[in-house]
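*Asks:* Protein chains in written order, with my numbering: chain G, 1 to 570; chain C, 571 to 768.
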Amino acid sequence: MGAEGGPKVTSEGLGDYAGLAGRGMTSAIISKEVPPLCHPLGESNKMVIAPGLLSGSAAAQSGRISVGCKSPLTGGIKETNSGGQAAQVLGRLGYAAIVLEGKPPGKSLHKIIINKNGADIVADDSLKMLGNYALIDKMKDEFGDKVACISIGTAGEMKMASASVAFTDMEFRPTRHAGRGGAGAVMGSKGVKVIVIDDSGMKMRQPKDPEKFKAANKRFVQGLKKHAVTGEGLPAFGTNVLTSIINEAGALPTNNFSKGRFDGAAKISGEALAELESSRGGSPTHGCHRGCVIQCSGTFKKKNGEFLTKQPEYETIWAHGANCGIDDLDAIAQLDRLDDDYGIDTIEMGATIGVAMEAGIADFGDADAAIRLVNEVGTGTPLGRILGNGAEVTGKVFGIERVPTVKGQSMPAYDPRAVKGIGVTYATSPMGADHTAGYAVTANVLGVGGTVDPLKTEGQIELSRNLQIATAAIDATGYCLFIAFAILDQPDTFQDMLDVINSFSGLELTADDVTALGKQILDFELDFNRRAGFTPKQDRLPDYFKKEALSPHGVTFEVKDEELDQVFNW
Amino acid sequence: MAAPPEIIIHLNPSDSRLFYILLSKGFRMAFEPGCTIKDLLCRQLRIAETYVMERIQTLFLNGKAVDDIHHAIVSDGSTLALSAAMPGLAGAVFRSKSRYSAMRESISYSGPEKESFEGVGVIELKLFNLVANEIGDIFLDRGILTGGRDICNIFENHAVLLENPDNIIMVDGNQTNGPGLLSSGIDTQDVWLKIPMG
Chain G
1 MGAEGGPKVT SEGLGDYAGL AGRGMTSAII SKEVPPLCHP LGESNKMVIA
51 PGLLSGSAAA QSGRISVGCK SPLTGGIKET NSGGQAAQVL GRLGYAAIVL
101 EGKPPGKSLH KIIINKNGAD IVADDSLKML GNYALIDKMK DEFGDKVACI
151 SIGTAGEMKM ASASVAFTDM EFRPTRHAGR GGAGAVMGSK GVKVIVIDDS
201 GMKMRQPKDP EKFKAANKRF VQGLKKHAVT GEGLPAFGTN VLTSIINEAG
251 ALPTNNFSKG RFDGAAKISG EALAELESSR GGSPTHGCHR GCVIQCSGTF
301 KKKNGEFLTK QPEYETIWAH GANCGIDDLD AIAQLDRLDD DYGIDTIEMG
351 ATIGVAMEAG IADFGDADAA IRLVNEVGTG TPLGRILGNG AEVTGKVFGI
401 ERVPTVKGQS MPAYDPRAVK GIGVTYATSP MGADHTAGYA VTANVLGVGG
451 TVDPLKTEGQ IELSRNLQIA TAAIDATGYC LFIAFAILDQ PDTFQDMLDV
501 INSFSGLELT ADDVTALGKQ ILDFELDFNR RAGFTPKQDR LPDYFKKEAL
551 SPHGVTFEVK DEELDQVFNW
Chain C
571 MAAPPEIIIH LNPSDSRLFY ILLSKGFRMA FEPGCTIKDL LCRQLRIAET
621 YVMERIQTLF LNGKAVDDIH HAIVSDGSTL ALSAAMPGLA GAVFRSKSRY
671 SAMRESISYS GPEKESFEGV GVIELKLFNL VANEIGDIFL DRGILTGGRD
721 ICNIFENHAV LLENPDNIIM VDGNQTNGPG LLSSGIDTQD VWLKIPMG
């Protein structure tokens with residue numbers, strides 16, 4: 001973007017990056033090509049957008065896309081991923097990655113158009129300070145709605161550390177986000193407002209062994225559909241099916257992580273949300289990309305029947321709900337819409353407002369105030385610029401100790417005192433506090449490296465390690481992480497997944513290869529963070545989690561520092 | 571103390587789902603305390619054993635995740651929450667007999683909180699997600715003790731209940747309608763609610 005004479009497009013072969021995709025591609029490039037001590041908003045940082053290994057093919061559930069950079073929020077390496085249509089479209093165009101480099105000298109904004117003829121970079125200041133919804137409407141007028149768009153909202157333009165990167169869904173709405181870590185700010189620092197990807201004239205990517213691929217894909221889909229989680233629970237209730245469970249467990253962070261149960265949980269539960277959506281003509285069953293058979297998303301309509309936003313995910317229901325003491329689904333849906341429109345990480349925003357409420361900027365439970373604060377972020381008021389840079393900055397400005405972050409990134413919707421194993425992942429993941437970093441699992445992977453004794457604390461370390469390895473590998477394939485439960489329970493379904501990958505790519509991956517891939521990706525990330533100055537001291541939860549007991553169970557985070565330092569001991 | 575009012579509602583079977591929110595919020599029933607969860611569910615509540623073993627994958631007893639329903643003991647005043655299998659890491663962690671149970675070991679059920687169990691007790695049951703959808707009607711048919719205010723909220727938010735003249739609503743044996751139910755004074759007390767199946 002900073003080439004002499006104006007932004008320039010170049011196209012390169014894969015070279016050393018052959019065989020990598022998704023998180024494997026983004027972490028390899030960032031680790032090898034970005035100076036770890038560079039400023040995240042400077043010319044030396046890069047933003048890598050990479051679809052998965054199978055994206056653009058007929059493989060079910062393969063529509064995830066990864067975004068990598070040095071994070072303005074954590075200062076370390078970042079991979080954040082999203083659903084939506086972009087992975088499939090970019091895959092069909094035959095690109096393994098888009099890499100934004102350099103920094104334009106002026107303040108112009110650009111749109112990048114990629115189609116079968118190549119790529120063009122066009123200055124377009126008429127897009128300045130448009131929210132994602134208005135921006136996408138403009139793109140629809142110019143390009144139609146069969147393209148896919150990758151964009152930033154006003155938060156990204158203002159380079160806020162909580163800025164997300166938005167991806168259009170099947171209805172051409174900017175509802176899917178690579179939210180974590182401020183990748184949207186990096187895109188903004190490169191002067192790129194939107195990337196329009198058009199696969200007109202391109203065909204689906206073809207597998208190396210079509211017969212085997214078709215059979216394995218069919219079996220894989222059957223495995224997903226017959227499982228109670230992927231075939232019934234998620235389609236019926238979406239991810240918010242978790243609110244009732246996590247609340248019952250006393251692990252639902254409430255009022256800025258001060259309690260583990262929220263009195264209003266039933267009003268914002270998955271059960272309540274599904275019922276409300278259905279009664280208004282929305283749907284709790286909807287896919288975020290073509291090829292999705294789990295259909296965990298949905299549509300939320302206002303009381304008058306107009307579309308408002310996608311079905312809020314569990315993390316949004318928690319962040320803008322329980323964590324802020326808000327039990328009004330309409331208010332939470334409005335906050336979800338604003339997050340999407342301004343392009344803000346919903347988790348970071350909800351955690352930040354929780355800290356702001358603790359600081360007395362608003363009262364816990366005041367939904368109108370929460371909406372006002374998010375509008376301040378999106379419009380860039382002085383207070384908005386503080387909040388838009390995340391919970392840690394907000395906590396510093398207002399003198400708050402109780403800030404739930406690791407490596408500068410806010411914790412998601414599981415209190416680590418109640419679920420210590422998740423706390424281990426929060427502490428040690430190279431991404432900062434992240435629940436999806438140790439999220440996926442395979443029965444075979446967990447068999448590798450020996451058995452785990454559930455009575456010992458070491459069990460938590462082993463589990464976190466293995467889960468982080470498996471997740472890194474799954475993130476490289478482009479598969480949606482929600483396949484995890486089906487492949488855990490049904491070894492055949494895990495094998496079917498491997499068969500799909502192998503028959504498509506011509507590889508002969510085994511479960512051990514999956515482990516090796518996951519470790520390789522983590523090695524890239526850990527190495528980058530070390531060179532960026534991270535030490536084991538950053539692999540810790542905030543001190544108050546060790547001292548402040550969480551109700552209702554009265555638990556603290558007791559995993560020792562020495563044990564945390566063993567997570568990546570291969 | 572006066573017995574709670576009894577509300578019986580005969581309605582379109584497909585509308586019973588509007589009351590499932592009461593099941594997930596929690597309702598009370600009488601039971602024989604000192605039993606195992608298995609005994610409670612299969613013998614006392616008469617839920618089919620295959621359903622219990624295959625569909626109810628996540629259980630909490632007084633907020634603690636349960637791994638062994640054959641040995642977990644239910645005391646008077648307990649809260650038992652039942653759920654189908656849940657997604658993601660959290661779902662895997664909280665699942666009964668999970669290999670990831672170590673990750674939540676400090677909030678796992680480890681033994682009864684009381685030693686003596688006599689007579690008849692009261693349990694609060696919570697049915698979540700698919701479990702509410704699949705066996706909720708059985709409990710509504712038998713009758714549940716729940717908050718009158720919560721029933722009023724359901725009627726206020728659903729015109730199909732409030733205004734449908736075909737619904738038959740009985741309050742302590744006296745027939746009324748939707749608006750009549752709302753003004754009957756149940757909003758300040760607990761009530762016995764029955765929604766007969768069929």
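C-beta atoms are modelled at their ideal positions from N, C-alpha and C, and glycine is treated no differently.
1. Using a Cβ distance threshold of 8 Å, determine whether the segment 510 to 518 of chain G contacts the segment 213 to 223 of chain G, with at least three qualifying pairs required.
2. Contact between the segment 60 to 68 of chain G and the segment 411 to 422 of chain G is defined here as three or more beta-carbon pairs at a separation below 8 Å; is this criterion met?
3. How about Y679(C): is its C-beta nearer than 7 Å to some C-beta of chain G?
4. Determine which residues of the segment 219 to 234 of chain G have a Cβ less than 9 Å from any Cβ of chain C, and write them out in chain order.
5. Just the chain C side, please: which residues come within less than 9 Å of K546(G) by C-beta, in chain order?
6. By Cβ distance below 8 Å, which residues in the same chain neighbour M573(G) in space, the five residues on each side in sequence not counted?
7. Can you pull the chain D neighbours of I245(G), defined as C-beta to C-beta under 9 Å?
8. Distance, Cα to Cα, R337(G) vs L308(G)?
9. So, does the CB of M673(C) fall closer than 7 Å to a CB anywhere in chain G?
10. So what does DSSP say about L37(G), is it helix, strand or coil?
11. Listed in chain order, which residues of the segment 402 to 425 of chain G have Cβ atoms closer than 7 Å to some Cβ of chain C?
12. I'd like to check one pair, G181(G) with A163(G): are the Cβ atoms closer than 7 Å?
13. Using a C-beta to C-beta distance shorter than 7 Å, which residues of chain G count as neighbours of K595(C)?
14. Under a CB-based cut-off of 7 Å, is L308(G) close to chain C?
15. Nearest to V96(G) by CA position, among L335(G), G22(G) and F568(G), is which residue?
16. Return the chain-ordered list of same chain residues with a C-beta closer than 7 Å to the C-beta of M202(G), the five sequence neighbours on each side being excluded.
17. So, with DSSP's three-state summary, where would you put N615(C)?
18. Could you give the residue range of the alpha helix (DSSP H) that holds S82(G)?
19. Contact between the segment 246 to 261 of chain G and the segment 544 to 564 of chain G: three or more CB pairs below 8 Å?
20. Whole angstroms is fine: what's the gap from F300(G)'s alpha carbon to P312(G)'s?
21. At the 7 Å Cβ level, is V89(G) part of the contact set with chain C, yes or no?
22. Determine the closest residue to L610(C) out of I677(C), Y590(C), L631(C) and I591(C), with distance taken between C-alpha atoms.
23. Under a three-way DSSP split, which group does V445(G) fall into?
24. Return helix, strand or coil for Q85(G), following the three-state DSSP convention.
25. Under 7 Å between C-beta atoms, does P552(G) make it to chain C?
26. Taking 6 Å as the limit between beta carbons, can you name the residues of its chain near L581(C), skipping five residues before and five after?
27. On a CA-only basis, which of V229(G), K140(G) and K107(G) is nearest Q627(C)? Give me that one, please.
28. Can you tell me which of G106(G), N247(G), L498(G) and G15(G) puts its alpha carbon nearest to the alpha carbon of E43(G)?
29. Does the Cβ-Cβ distance between E157(G) and G188(G) come in under 7 Å?
30. Evaluate L14(G) with the Cβ neighbour count: other Cβ atoms within 10 Å of its Cβ, from every protein chain shown; 16 or more gives buried, anything less gives exposed.
31. Any idea what DSSP makes of R598(C), helix, strand or coil?
32. Using CA atoms only, rank isn't needed, just tell me which of A249(G), C296(G) and M204(G) is closest to A236(G).
33. Cα-Cα, which of I577(C), A573(C) and M623(C) is closest to G713(C)?
34. My output table needs one value for S162(G): the three-state DSSP class, helix, strand or coil.
35. If we count the other Cβ atoms within 10 Å of its Cβ and call it buried at 16 or more, is G378(G) buried or exposed?
36. Check whether the Cβ atoms of G298(G) and H286(G) lie closer than 7 Å to each other.
*Replies:* Quick look at the numbers:
1. no
2. no
3. no
4. H227, A228, V229, T230, E232, G233 and L234
5. Here the premise fails: no neighbours, minimum Cβ distance about 13 Å.
6. The requested residue 573(G) does not occur in the structure, where chain G is confined to residues 1 to 570.
7. The displayed structure is made up of protein chains G and C, and chain D is not among them.
8. Computed Cα separation, rounded: 7 Å.
9. So, interface residue.
10. coil
11. Listed by position, the residues of the segment 402 to 425 of chain G near chain C (Cβ gap below 7 Å) are Y414, A418, V419, K420, G421 and I422.
12. no
13. A266
14. So no, L308(G) is outside the interface.
15. It is worth fixing the name first, because residue 96(G) is Ala in this sequence and not Val. The shortest Cα separation from A96(G) among L335(G), G22(G) and F568(G) belongs to G22(G).
16. Same-chain partners within the cutoff: R92, L93 and K116.
17. The question names Asn, but residue 615(C) in the sequence shown is Leu. L615(C) falls in the coil class under three-state DSSP.
18. Segment I77 to S82 is the beta strand (DSSP E) holding S82(G); no alpha helix (DSSP H) there.
19. yes
20. 8 Å
21. no
22. L631(C)
23. For V445(G), the predicted model reports a pLDDT of 32, less than 50, meaning its position is unreliable and no value from the coordinates is stated.
24. coil
25. At least one chain C Cβ lies under 7 Å of P552(G).
26. Listed in chain order, the non-local C-beta contacts of L581(C) below 6 Å within the same chain comprise N737, local neighbours out to five positions each way being set aside.
27. V229(G)
28. Of the listed residues, the one whose Cα sits closest to E43(G) is G106(G).
29. Judged by beta-carbon spacing, G188(G) lies within the 7 Å limit of E157(G), meaning their Cβ atoms are closer than that value.
30. For L14(G), the number of other beta carbons within 10 angstroms of its own is below 16, and it is reported as exposed.
31. strand
32. Here the closest residue by C-alpha is C296(G).
33. I577(C)
34. coil
35. When all chains shown are included, G378(G) counts as buried.
36. yes
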